[in-house]
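Structure representation (structure tokens):
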């Protein structure tokens, strides 16, 4: 007989033990628990569990919702009842477009998997096709995974595919070179090339080239913004017709986004130690110890890869979703809370408002806000349908 409360306490202890480097976060490779459980606790799909974000409490809530009440013994009857509850919840989630609501997400298999858009092994993407009326070209949502530029995979985006394809929007997830393969700007250029590849093959997948949106979580959000705000990278003189395609997009959807990767900007605008992040050091090839010796060329690269640098009045509408409060003190808890803090989004919104570029930032301050965040894909689909002028 196993007490639910005891099981949760043991899981909390294991989470702390797995955090061997004491950075307050766990990646999938660090957590010794099952993959499915990690995915249930990783609500925004950024590939990281932040211990200060109450992952253990999420586990408790999940167990309570499943019928596993704290303090009660779990026998065979209770386990069967719990499984029936889980199956019922999963079936309920499959009935509506908000298939990602709550802790369970039904993965949808891609219609075209591991399509190659470049020469590197990471230059692959998955295509999830929406059903379209009369074979009319449909808009497309491109999703870029997070993971600090050092980890992550396009398959993580499969959890978010269903709300888009169920509403007539094709959905694409992609991989890019990680910082251990090549430092910046390699991954930024990879993602831009993926957009050009999709446009080059738009007719094959019935994609409307004029209605393409882009988004991502954490690192993926930065890559998405960089594409959205940078000048069009189309080269009319390119020998390869793919590179003649536009990189411009119609809308941007972001989760827990950074808007600058310039450690000087971050140190000025974000409280705490976020500016010292080792992910940024690896991405650009510098160390904190040698930060005063960074040459001008590298500084220029860092600035050029920072999305907020490129924002202009002709850029697409953007919506930010953050799972944290906008309270600046949150950023001081640890570097992970800082690097995903809503202050990044609000700083970009200031500039967007000046340029009259539509931009909304949603944070979690109340229980109502949390409910909205948990149902963010309903809002995101509505946002796209509005800007794609879909009926």
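Numbering (the working numbering), first residue to last: 237 to 627. Cβ atoms here follow ideal geometry from the backbone N, Cα and C, with glycine treated the same way.
Is residue 449 near residue 408, with beta carbons less than 7 Å apart? Result no, Cβ atoms of residue 449 and residue 408 do not sit closer than 7 Å.
For a test of the three-state rule: what should DSSP assign to residue 595, helix, strand or coil? Looking at residue 595 - three-state DSSP - the assignment turns out to be strand.
CB of residue 422 within 7 Å of CB of residue 623, strictly: Contact flag unset, no.
DSSP puts residue 409 in a beta bridge; with which residues? Its beta-bridge partners are 362, 379.
Measuring alpha carbon to alpha carbon, tell me which of 506, 524, 507 ends up nearest residue 514. Closest by alpha carbon: 524.
DSSP three-state label for residue 607, please. Residue 607 falls in the helix class under three-state DSSP.
What does DSSP give as the partner residue(s) for residue 449 in the beta ladder? Under DSSP, the beta-bridge partners assigned to residue 449 are 377, 487.
Closer than 7 Å, CB to CB, is residue 497 near chain D or not? The displayed structure is made up of one protein chain only, and chain D is not part of it.
Name, in chain order, the residues that DSSP records as bridge partners for residue 554. DSSP, once it has assigned bridges, lists 488, 595 as partnering residue 554.
Output needed for residue 348: all residues of its chain with C-beta closer than 6 Å, excluding positions within five of it in sequence on either side, in chain order. Here the set comprises 363.
Do you know whose CA, among 587, 402, 604, lies nearest residue 367's CA? Considering only alpha carbons, the answer is 402.
For residue 383 and residue 372, what's the separation of their Cα atoms in angstroms? So the alpha carbons of these two residues sit roughly 36 Å apart.
State the start and end residues of the unbroken beta strand (DSSP E) segment that holds residue 348. Membership of residue 348 in the beta strand (DSSP E) is indicated by the continuous run 348-352.
Cutting at 7 Å between CB atoms, please list the residues of its own chain near residue 498, excluding the five before and the five after it. Correct list, in chain order: 538, 539, 542.
Would you say the segment 427-438 touches the segment 468-480, given that touching needs at least three Cβ pairs under 8 Å? Taking one beta carbon from each stretch, the segment 427-438 and the segment 468-480 have 3 or more pairs nearer than 8 Å; the two touch.
Residue 390 versus residue 351 - alpha carbon distance: So the alpha carbons of these two residues sit roughly 12 Å apart.
In terms of alpha-carbon separation, which member of 516, 536, 545, 410 lies closest to residue 416? Nearest option by C-alpha distance: 516.
Taking the DSSP output, what are the residues bridged to residue 285? Beta-bridge pairing by DSSP links residue 285 to 262.
Taking the alpha helix (DSSP H) that residue 367 belongs to, which residues open and close that run? No alpha helix (DSSP H) holds residue 367; DSSP gives it neither H nor E.
Among 616, 519, 419, 406, nearest to residue 440 - alpha-carbon criterion: Of the listed residues, the one whose Cα sits closest to residue 440 is 406.
With a cut-off of 8 Å, do at least 3 Cβ pairs link the segment 446-465 to the segment 546-555? Result yes; three or more Cβ-Cβ pairs closer than 8 Å.
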